[in-house]
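The listed protein sequences correspond, in order, to chains W and L. Per my numbering, the very first residue in the first sequence carries number 74; after that it's consecutive. Per my numbering, the very first residue in the second sequence carries number 167; after that it's consecutive.
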Amino acid sequence: DTEVTQTPKHLVMGMTNKKSLKCEQHMGHRAMYWYKQKAKKPPELMFVYSYEKLSINESVPSRFSPECPNSSLLNLHLHALQPEDSALYLCASSSLFREQFFGPGTRLTVL
Amino acid sequence: GIQVEQSPPDLILQEGANSTLRCNFSDSVNNLQWFHQNPWGQLINLFYIPSGTKQNGRLSATTVATERYSLLYISSSQTTDSGVYFCAVEWAAGNKLTFGGGTRVLVKP
Numbered sequence: 074d075t076e077v078t079q080t081p082k083h084l085v086m087g088m089t090n091k092k093s094l095k096c097e098q099h100m101g102h103r104a105m106y107w108y109k110q111k112a113k114k115p116p117e118l119m120f121v122y123s124y125e126k127l128s129i130n131e132s133v134p135s136r137f138s139p140e141c142p143n144s145s146l147l148n149l150h151l152h153a154l155q156p157e158d159s160a161l162y163l164c165a166s167s168s169l170f171r172e173q174f175f176g177p178g179t180r181l182t183v184l
Numbered sequence: 167g168i169q170v171e172q173s174p175p176d177l178i179l180q181e182g183a184n185s186t187l188r189c190n191f192s193d194s195v196n197n198l199q200w201f202h203q204n205p206w207g208q209l210i211n212l213f214y215i216p217s218g219t220k221q222n223g224r225l226s227a228t229t230v231a232t233e234r235y236s237l238l239y240i241s242s243s244q245t246t247d248s249g250v251y252f253c254a255v256e257w258a259a260g261n262k263l264t265f266g267g268g269t270r271v272l273v274k275p
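So, in structure tokens, the structure goes:
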């Protein structure tokens, strides 16, 4: 298995909702990532997990809460988001300091 | 932080044409990747190329790390090559990928 999967593909939520994005990989990678991509912009790093521990938080607002329950799974919990948080959220995985592989993304709309 | 600049920002090609995309970076990097983002948003790995030259079918890439640039060559372009091409570099420690602004390619039939 050489792919990263993400669910859901699309998500529409209100500003008072709580939702979660999920990411899974079975390539034995020990680093996992969340990126955010706004329209017509490049992806921007949000969080990095190495060996299930948060190693990088790029000053992301606390309404985004990452979680890495095990080496194959990565979640992003969303709460009290703003309309400007609408974006494509991409998950990636890699062996440490090696090539990153991306999932298909979750397209999030905040109303 | 590191600056990653891609040129040109936009490129329109006739099917069958060849093209070169460039990626300049402002500091030493540990790794460099080229991606193709399709219209559905999927980032497809093209090359993992911190230095040297690689080829994969009609695509090839060259990274000259000492001069801080990388080139992506597309030969005999096809309409399916349309999309956005991103260069991304990993610099310093910590598995951080920094993306360039991308080159938006449109291949016309």
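Cβ atoms here follow ideal geometry from the backbone N, Cα and C, with glycine treated the same way. Nothing here was measured: the structure is a model prediction, and the numbers come from that model.
Mapping DSSP to helix, strand and coil, what is A231(L)?
Reading the second sequence from its first residue, position 65 is the one you call residue 231(L). Helix at A231(L).
Anyone know if the C-beta pair for Y162(W) and L147(W) falls short of 9 Å?
Against the first sequence, residue 162(W) aligns to sequence position 89. Against the first sequence, residue 147(W) aligns to sequence position 74. In this structure, L147(W) does not lie closer than 9 Å to Y162(W) by Cβ.
Report the residue from Q169(L), F201(L), A258(L), W206(L) whose alpha carbon sits nearest the alpha carbon of N190(L).
What you label residue 190(L) is simply residue 24 of the second sequence in a count that begins at 1. The candidate whose alpha carbon is nearest that of N190(L) is Q169(L).
Verify the CB distance criterion: does Q169(L) have a CB-CB separation below 9 Å to chain W?
Counting from 1 along the second sequence, the entry for residue 169(L) is found at position 3. It does not: the Cβ of Q169(L) has no partner Cβ on chain W nearer than 9 Å.
Starting from D130(L), follow the beta strand (DSSP E) in both directions and report where the run begins and ends.
In this structure chain L extends from 167 to 275, so residue 130(L) is not present and cannot be described.
According to the neighbour-count rule (16 or more other Cβ atoms, all chains shown, within 10 Å of its Cβ), is I293(L) buried or exposed?
The structure shown does not extend to residue 293(L), since chain L is modelled only from 167 through 275, so no value can be given for it.
Drop a sphere of 10 angstroms on the beta-carbon of G101(W), count the other beta-carbons inside from all chains shown, and report buried for 16 or more, exposed for fewer.
Translated into the one-based positions of the first sequence, residue 101(W) becomes position 28. G101(W) comes out exposed.
Please determine, among K113(W), E125(W), I129(W), K111(W), the residue with the shortest C-alpha to C-alpha distance to M119(W).
Position 46 of the first sequence, counted from the first residue, corresponds to residue 119(W). Ranking K113(W), E125(W), I129(W), K111(W) by Cα distance to M119(W) puts I129(W) first.
So is Y106(W) in contact with chain L if we call contact Cβ pairs under 9 Å?
The residue labelled residue 106(W) in the question sits at position 33 within the first sequence. By this cut-off, Y106(W) is an interface position.
Do we get a CB-CB distance below 9 Å when we pair G87(W) with the residues of chain L?
Counted from its first residue, the first sequence places residue 87(W) at position 14. So no, G87(W) is outside the interface.
Locate the beta strand (DSSP E) running through N211(L), then write down its first and last residues.
Position 45 of the second sequence holds residue 211(L). Residues 209 to 214.
Excluding the 5 residues preceding and the 5 following Y106(W) in the sequence, name in chain order all residues of the same chain whose CB lies nearer than 6 Å to its CB.
Sequence index remark: in the first sequence, residue 106(W) carries index 33 (1-based). Within the same chain, Y106(W) has close Cβ partners V121, A165.
Is there contact between the region 167 to 179 of chain W and the region 220 to 236 of chain L, where contact requires at least three CB pairs shorter than 8 Å?
No: fewer than three Cβ pairs fall under 8 Å.
Mind checking who L161(W) pairs with in its DSSP beta bridge?
The residue given as residue 161(W) occupies position 88 in the first sequence. Paired residue(s): Q110(W), R180(W).
Give a yes or no on whether 9 Å exceeds the smallest Cβ distance from P199(L) to chain W.
Working through the second sequence from its first residue, we reach residue 199(L) at position 33. A small correction: the amino acid at residue 199(L) is Gln; Pro does not occupy that position in the sequence shown. Cβ-Cβ to chain W under 9 Å: yes for Q199(L).
Taking just the CA atoms, how far does E76(W) sit from C253(L)?
Locating residue 253(L) in the second sequence gives position 87, counting from the first residue. Locating residue 76(W) in the first sequence gives position 3, counting from the first residue. Between C253(L) and E76(W), the C-alpha separation is close to 20 Å.
Taking C-alpha atoms, which residue in S93(W), S167(W), K111(W), P177(W) lies nearest to S144(W)?
Within the first sequence, residue 144(W) is the residue found at index 71, counting from 1. Looking at the Cα atoms, S167(W) is the closest of the given residues.
If you drop the 5 nearest sequence neighbours on each side, which residues of the same chain put their C-beta closer than 7 Å to that of G218(L)?
Position 52 of the second sequence, counted from the start, is the residue given in the question as residue 218(L). T229, listed in sequence order.
Between L187(L) and T269(L), which are expected to be in contact by the criterion C-beta below 8 Å, what is the C-beta distance as a whole number of angstroms?
Against the second sequence, residue 187(L) aligns to sequence position 21. Against the second sequence, residue 269(L) aligns to sequence position 103. L187(L) to T269(L), Cβ: 5 Å. Contact.
Excluding the 5 residues preceding and the 5 following Q225(L) in the sequence, name in chain order all residues of the same chain whose CB lies nearer than 8 Å to its CB.
Translated into the one-based positions of the second sequence, residue 225(L) becomes position 59. This sequence places Leu at residue 225(L); Gln is not what is there. The residues are L212, F213, L238, Y239, I240, S241.
I need the DSSP call for T89(W), collapsed to helix, strand or coil.
Locating residue 89(W) in the first sequence gives position 16, where the first residue counts as 1. If DSSP states are grouped into helix, strand and coil, T89(W) belongs with coil.
Using DSSP with H/G/I as helix, E/B as strand and the rest coil, what is P205(L)?
Walking along the second sequence from the start, residue 205(L) turns up at place 39. Coil, per DSSP.
Report the residue ranges of all beta strand (DSSP E) runs contained in full by the region 113 to 143 of chain W; include only those spanning at least 3 residues, in chain order.
Whole beta strand (DSSP E) segments, 3+ residues: 117 to 123, 126 to 130, 137 to 143.
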